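S.K.: One structure follows; several queries about it will come next.
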Amino acid sequence: MSNPFSKLDKVLEHSVRLQILSILVVNESFDFNSLKETLELSDGNLATHIKALEREKYILINKSFVGKKPNTRYRLSEKGRQAFKKHIDALEAIIKTQKQ
Amino acid sequence: MPNESKYEADIASIRNMMERTSKFISLSGLSGVLAGVYALVGAGFVYFMLYFPRSPFGYRVETIQPLDTVMKLMGVALVVLVASIGTGLWLSSKKAQKAGVKIWSTSSRAMLVNLAVPIVSGGIFILILLMNGHYGVVAPTCLVFYGLGLINASPNLYDEIRYLGYSEIILGLISAALPGYGLLFWSLGFGVLHIVYGLLMFRKYDT
């Protein structure tokens with residue numbers, strides 16, 4: 001049997017990134033400020049994690065303006081959805097083997 | 001093992017984020033019960049205004065009503081609606097406060113939009129029916145559109161809401177076939193069903 005640890009996604013091992021993807025799995029799109037409030041993070045901290053996800057092309061970014069305020073919305077890419085699923089499957093496999 | 005707790009915490013946080021951002025979990029079951037009670041009080045009031053002393057289970061045959069009766073009925077319906085929404089907002093914001101979450105969030109906004117589309121269309125449709133004098137099918141139309149609204153908003157709410165929606169639609173369709181029993185079906189749909197589902201949700205989520 002292959003080692004389930006090797007199937008974990010290195011980028012998603014950070015729990016904030018995993019939480020961002022979980023939010024985007026159930027919401028078509030989500031804006032920066034709502035993410036910040038939900039996850040209770042600072043601007044800089046959230047931006048760092050978003051950049052990491054963006055670099056992997058797990059999320060898509062849509063910048064627009066609401067009035068004069070910039071409004072940045074994020075969506076999950078197909079690649080992100082697959083990475084998320086694979087990571088959860090790996091988590092599940094690890095927990096199962098550890099419970100035995 | 002320290003790792004085990006980390007992975008289990010990851011799974012728990014995924015579930016938490018998914019629910020918190022997509023579901024309006026502050027909806028109070030108790031407010032459903034009270035909305036049902038208001039509807040029954042309203043229906044009782046209408047019964048004494050229109051039917052008394054005939055049995056509330058009797059079939060109404062006369063369909064032509066004077067305009068002021070229609071206005072009175074709309075007034076009662078409006079009072080019930082405003083009282084229900086007010087109670088819902090009040091109890092839900094109390095519940096949200098207790099849980100430390102905001103009542104005005106992405107999920108509650110999504111829920112309201114999904115709920116509003118069928119209900120506003122239904123409301124306009126009913127006004128058109130009233131203007132054309134089709135009083136008999138107003139109660140069933142309320143029930144059907146309300147049910148559609150609930151089903152449309154249910155992904156952002158608890159599962160029970162979807163079943164409540166189906167029940168309202170079924171009741172509405174039966175009521176449309178029996179137009180003389182409008183008030184009775186209206187009381188069942190907006191009164192009894194709200195109380196039953198409200199109690200179910202109260203026992204499951206509020207305590």
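As given, the protein sequences belong to chains A and B, one line each in that order. Just so you know, we're using the numbering used here here: the first sequence kicks off at 1 and counts up by one. Just so you know, we're using the numbering used here here: the second sequence kicks off at 1 and counts up by one. Cβ coordinates follow ideal geometry from the N, Cα and C atoms, glycine included. Since the structure is predicted, the reported quantities are computational estimates derived from the model, not experimental observations.
Of the choices B:L129, B:T69 and B:A153, whose alpha-carbon is the least far from that of I119 of chain B?
M.R.: Looking at the Cα atoms, B:A153 is the closest of the given residues.
S.K.: If distances are taken between C-alpha atoms only, which option among A:T38, A:R55 and A:I61 comes closest to P70 of chain A?
M.R.: Among A:T38, A:R55 and A:I61, the Cα nearest to that of P70 of chain A belongs to A:I61.
S.K.: Between which two residues does the beta strand (DSSP E) holding V66 of chain A run?
M.R.: From DSSP, the beta strand (DSSP E) with V66 of chain A extends over I59 to V66.
S.K.: Is there at least one Cβ from chain A nearer than 8 angstroms to M49 of chain B's Cβ?
M.R.: Closer than 8 angstroms: no.
S.K.: Show which residues of chain B have a CB atom less than 9 angstroms away from the CB atom of F30 of chain A.
M.R.: Going along chain B in sequence order, the residues near F30 of chain A (Cβ under 9 angstroms) are T21 and T106.
S.K.: Going by beta-carbon coordinates alone, are T21 of chain B and V66 of chain A separated by less than 8 angstroms?
M.R.: No, Cβ-Cβ distance for T21 of chain B and V66 of chain A is not below 8 angstroms.
S.K.: Would you please state the rounded distance, in angstroms, between the beta carbons of A99 of chain B and S26 of chain B? I believe it to be under 8 angstroms.
M.R.: Correct: roughly 7 angstroms between the Cβ atoms.
S.K.: Applying the 10 Å Cβ sphere with the 16-neighbour rule, what's the burial state of G182 of chain B?
M.R.: Buried is the call here.
S.K.: Do you know offhand how far L193 of chain B's Cα is from A77 of chain B's?
M.R.: About 17 angstroms.
S.K.: Would you say T72 of chain A lies against chain B (beta-carbon separation less than 8 angstroms)?
M.R.: Judged by the 8 angstroms Cβ criterion, T72 of chain A is not in contact with chain B.
S.K.: Taking the C-alpha atoms as reference points, what is the distance between L8 of chain A and T106 of chain B?
M.R.: Answer to the nearest angstrom: the Cα atoms are 30 angstroms apart.
S.K.: In chain order, what residues of the same chain lie with their CB nearer than 6 angstroms to the CB of A35 of chain B, ignoring the 5 residues before and after it?
M.R.: S84 and H194, listed in sequence order.
S.K.: So, under 8 angstroms CB-CB, E160 of chain B and L200 of chain B are touching, yes? Tell me the CB distance rounded to an integer number of Å.
M.R.: At roughly 6 angstroms, the Cβ-Cβ gap stays under 8 angstroms, so E160 of chain B and L200 of chain B are in contact.
S.K.: So, is the C-beta of I184 of chain A closer than 8 angstroms to a C-beta in chain B?
M.R.: Within the shown structure, residues of chain A are numbered from 1 to 100, placing residue 184 of chain A beyond reach of any answer.
S.K.: Does the Cβ of Q103 of chain A have 16 or more other Cβ atoms within 10 Å, making it buried, or fewer, making it exposed?
M.R.: Nothing can be reported for residue 103 of chain A: it is not among the residues displayed for chain A, which extend from 1 to 100.
S.K.: For D43 of chain A, which of helix, strand or coil comes out of DSSP?
M.R.: Three-state result, D43 of chain A: helix.
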